[in-house]
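Structure first, commentary second.
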Amino acid sequence: MIFGRPTERHLSRGTASNCVPRASNPPMRLLITFSLITTAALAQNIAPQLTADDAVRIREFYRLADQIQNQIWPDWSRTPAPLLLVTPDTEFLTHHTEPTQSLRESRR
C-alpha cells in the first residue's frame, strides 16, 4: 500500500506459451494424443484391392468374350459388356462407361 492506496499487481508479460494452460497429468495427455492419432488412422478410407485370382477371372472373361461372343449372337461385340464382380467384402465394376448415380454413391 502506497499512500493509503492499494498497489496493483502487474502480471509479467511472458510469451504466449506461458499463457496457455497445460495438462498437469502427462499420462492423460499421452492417452488423448494416442486416441486422436488412432482415430485419424482408422478413419482413413482404404480402397479395396482386387485379388490376383479375381483379376485373372476378369481377364479370362473378356478374353473368352472376344473369341466367342459373335459366334453366339451376331454383332454382340458392339454391345458394351460391363462386369460386376461381387466379393464377400466389396463389389468391383469394370468396363462400364458411365456408372449410374447409385453406383457412384456406393463407392464412397
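Just so we're aligned, residue 0 is where the sequence shown starts under numbering that gives the first Met the number 0, counting upward by one. Glycine included, C-beta positions come from ideal geometry on N, C-alpha and C. As the structure is a prediction and not an experimental result, all values here were calculated from the model.
Going by DSSP, name the residue or residues bridged to residue i.
| i | result |
| --- | --- |
| phenylalanine 91 | Leu84 |
Just to confirm, are residue i and residue j a CB contact at a threshold of 7 Å?
| i | j | result |
| --- | --- | --- |
| isoleucine 108 | threonine 93 | Given a span of 0 to 107 for the chain in the structure shown, any question on residue 108 remains unanswerable. |
| aspartate 53 | leucine 83 | no |
| proline 47 | threonine 78 | no |
| phenylalanine 91 | leucine 29 | no |
For residue i, collect the residues of the same chain with a Cβ closer than 7 Å to its Cβ; drop the 5 residues on either side in sequence, then sort them by chain order.
| i | result |
| --- | --- |
| threonine 96 | Pro79 |
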